[in-house]
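A.B. asks: Below are the structure tokens for one structure; questions will follow.
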Amino acid sequence: MTSLTFYGGINEIGGNKILLEDGDTRIFLDFGKSFGREGEFYNDYMKPRSKGCLRDLLCMELIPTMDGIYRDDLVHILGIEEVIRELGVEDTSYWDQELLSYGEVLERDGMPWLSGVLLSHAHQDHCGYIPYLDHRIPIYCSDVTLKILETVEDISGDDFTAVKPFGVKRFQKGFFPGKPAIEGGDEVSRDIRAFSPGEGLRIGRLRVQTFAVDHSIPGAVAYLITTSDGKRVLYTGDFRFHGRLSRETREFRNATRGLKPDMMICEGTRVDGVEPDSEERVQADCTELVSRVKGFVGIEFAWKDLTRFETIREVAKASGRTFAISARTAYLLNKLGCGDEVENDPSVKVYVPRKDSMIYSPSDYSKSKYLAGFSSDWNEAEPDTRHLENGVRAYHIKADPSRYLLHLSFWEFNELVDIQPRDGGLFISASSEPYDEEGMIAEEQKKAWMRHFNLNPPDHELPHVHASGHISGVELKAFVREIEPKQMFPVHTEHPELFGRLAEQVHEKIKLREPYEI
Ligand SMILES: [Zn+2]
């Protein structure tokens, strides 16, 4: 039987987890974190317990209860029985999940249950739960997506490409030396199979075509999957026509025009949007705003959004200001091979915050090396301190604010204390308007900072200048009509009903966890 089963991404923005089965070949299209569902229970300060393994996520129904996909060490911690017996713990059920791990099913069936994951791009709502999957499950993604995932890993220490299994070890130091504790075992590498978009893939019975598309993060891909009996499933991932790489989405449209796929799984984040967004408008509006200000100018945007980086780079150039960028963005640019180009551009410099002992000493950055230079694995004998030497520091901006345009996120606002902006400077938000309670609270806090430093006078409101990462409803409908799918599954949207009659059959009310036969 060939079927599609949805485990997330239905009536919500993100959290895509879609299982495609063709006999014994099974793949997930994305395995993303659902921010909406997680947000119902958790916030920044209260998260699922990281050492609670899968238990919290399974209990709160945030990840699918499914045999044969999760890491052995998360389903059953190695050596736990002896330890908890030694500690006098009576109930052992906390350390055993009521499902079979990848390895257990592999042993039972002599073959893996899941053949792979097709990852569309590196946003958390598409890849965020992959770390729980067994490292032997192949993850297919574009080469750029892999570089982004490695960057995030280098910077934040998340384990994505390298998996550190849980195990029971003895504490060597601390209050109770010799006592057992749950700690990481030896690291293993995840099976990631990166491709350049356009390349074809073969996964078991499935043939897969890959298409580069434009989105608010580089490396995004759409997939066309052909099953063993010739049925075709088109999965768009997230995409748009109005970014700097819109040529890619246009080529995707040309390649799929009149395709008449049996099923089309299509994102609809902005299906209710009547006007197409425009990155050029962001550039023009920001240039206009900056041109009116003589003093300090700061701007927030997502550090992985390199389209926005290029846009603001143009704004800085047009305003005769040096673009002081986040070291995270610089690190990603370097990883993608653009480090030299950025280093050699006199109008772009990396902003270096004070850290640790707060004296701009190279040793202050030994725990956050990417802040001091392009490398994240230098030792103290040979530190890469290129940003420390050539970058911009708070006191440079304080002394001459009109020379700079500073890339600054809300969680870096403490820098304003060192920069001391005065005389009615400007702070622009080049990211989406707040859409949930947490975002509204953050917006009020940002406004308080604006008021405190007399930024954006007189009302201290943040101007939001943004173009979405997603295609507008008008463009989306025209696009789908050209493809002429037989069946449509709207995902990544709160308005599936607006897909109307775009296909012979539009599944407005997709049932979670129920297979749809292809
Ligand atoms: Zn996305």
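Under our numbering, the letters of the sequence shown match residues 84 to 601, in that order. All residues carry an ideal CB built from backbone N, CA and C; glycine is no exception.
#1: Do the CB positions of residue 250 and residue 186 come within less than 8 Å of each other?
#2: Which residue wins for smallest C-alpha separation from residue 197, given the options 204, 203 and 189?
#3: Does the count of Cβ pairs from the region 518-538 and the region 272-284 closer than 8 Å reach three?
#4: Applying the criterion that 16 or more other CB atoms from any shown protein chain within 10 Å of the CB defines a buried residue, is residue 99 buried or exposed?
#5: Using only the alpha-carbon positions, how far apart do residue 424 and residue 510 sit?
#6: Thinking just about the alpha-carbon of each residue, which of 372, 319 and 514 is nearest to the one in residue 576?
#7: Within its chain, find whatever has a CB closer than 6 Å to the CB of residue 464; leave out the 5 residues flanking it on each side and keep chain order.
#8: Between residue 314 and residue 345, is the Cβ-Cβ spacing less than 8 Å?
#9: Just mark residue 512 as buried or exposed, buried being the case when its beta carbon has 16 or more other beta carbons within 10 Å.
#10: Ignoring anything shorter than 4 residues or poking outside the region 115-156, list the alpha helix (DSSP H) runs there in chain order.
#11: For residue 302, tell me which candidate among 203, 394, 360 and 399 has the shortest Cα-Cα distance.
#12: For residue 36, which three-state DSSP category applies?
#13: To the nearest angstrom, how far is the alpha carbon of residue 322 from that of residue 573?
#14: Who are the Cβ neighbours of residue 283 in its own chain at under 8 Å, not counting the five residues just before and after it?
#15: Can you find the residues in the same chain that come closer than 8 Å, C-beta to C-beta, to residue 493, ignoring five residues on each side of it along the sequence?
#16: Identify, in the order they occur along the chain, each residue of the same chain with its Cβ nearer than 6 Å to the Cβ of residue 376, setting aside the five sequence neighbours on each side.
#17: For residue 510, which beta-bridge partners are listed by DSSP?
#18: Ligand 1 heavy atoms versus the CB of residue 506: any closer than 7 Å?
#19: Closest to residue 457 by CA distance: which of 451, 450 and 467 is it?
#20: Tell me the rounded alpha-carbon separation between residue 561 and residue 536.
#21: Compute the minimum distance between the beta carbon of residue 300 and the heavy atoms of ligand 1, and state whether it is under 7 Å.
C.D. replies: The short version:
#1: Here residue 250 refers to the residue found at position 167 when the sequence shown is read from its first residue. Here residue 186 refers to the residue found at position 103 when the sequence shown is read from its first residue. No; because the gap between Cβ atoms is not below 8 Å, this pair is not in contact.
#2: Within the sequence shown, numbered from 1, the residue matching residue 197 stands at position 114. Among 204, 203 and 189, the Cα nearest to that of residue 197 is on 189.
#3: No, the region 518-538 does not touch the region 272-284.
#4: Here residue 99 refers to the residue found at position 16 when the sequence shown is read from its first residue. It counts as buried.
#5: For this step, residue 424 is matched to residue 341 along the sequence shown. For this step, residue 510 is matched to residue 427 along the sequence shown. Approximately 27 Å, taken between the alpha carbons.
#6: Against the sequence shown, residue 576 aligns to sequence position 493. For residue 576, the closest alpha carbon among the candidates 372, 319 and 514 is that of 319.
#7: On the sequence shown, position 381 is the one that residue 464 refers to. Result list for residue 464: empty, nothing under 6 Å.
#8: Translated into the one-based positions of the sequence shown, residue 314 becomes position 231. Translated into the one-based positions of the sequence shown, residue 345 becomes position 262. Taking 8 Å as the Cβ cut-off, residue 314 and residue 345 qualify as a contacting pair.
#9: What you label residue 512 is simply residue 429 of the sequence shown in a count that begins at 1. Residue 512 should be labelled buried.
#10: As far as the region 115-156 is concerned, its whole alpha helix (DSSP H) runs of at least 4 residues are 118-124 and 138-142.
#11: Position 219 of the sequence shown, counted from the start, is the residue given in the question as residue 302. Considering only alpha carbons, the answer is 203.
#12: Look at the range of the chain in this structure, 84 to 601, and you will see that residue 36 is not part of it.
#13: Taking the first residue of the sequence shown as 1, we reach residue 322 at position 239. Taking the first residue of the sequence shown as 1, we reach residue 573 at position 490. The C-alpha of residue 322 lies about 14 Å from the C-alpha of residue 573.
#14: Taking the first residue of the sequence shown as 1, we reach residue 283 at position 200. The residues are 290, 291, 292 and 293.
#15: On the sequence shown, residue 493 is found 410 positions in, with the first residue counted as 1. Closer than 8 Å at Cβ, skipping near neighbours: 383, 525, 528 and 529.
#16: Locating residue 376 in the sequence shown gives position 293, counting from the first residue. Within its own chain, the residues whose Cβ lies closer than 6 Å to the Cβ of residue 376, once the five positions on either side in sequence are excluded, are 509, listed in chain order.
#17: Within the sequence shown, numbered from 1, the residue matching residue 510 stands at position 427. Residue pairing by DSSP puts residue 510 in a beta bridge opposite 381.
#18: Within the sequence shown, residue 506 is the residue found at index 423, counting from 1. Residue 506 has its CB no nearer than 7 Å to any heavy atom of ligand 1.
#19: The residue given as residue 457 occupies position 374 in the sequence shown. It is 467.
#20: Position 478 of the sequence shown, counting from 1, holds the residue named residue 561. Position 453 of the sequence shown, counting from 1, holds the residue named residue 536. Between residue 561 and residue 536, the C-alpha separation is close to 47 Å.
#21: Walking along the sequence shown from the start, residue 300 turns up at place 217. Flag set: Cβ of residue 300 near ligand 1.
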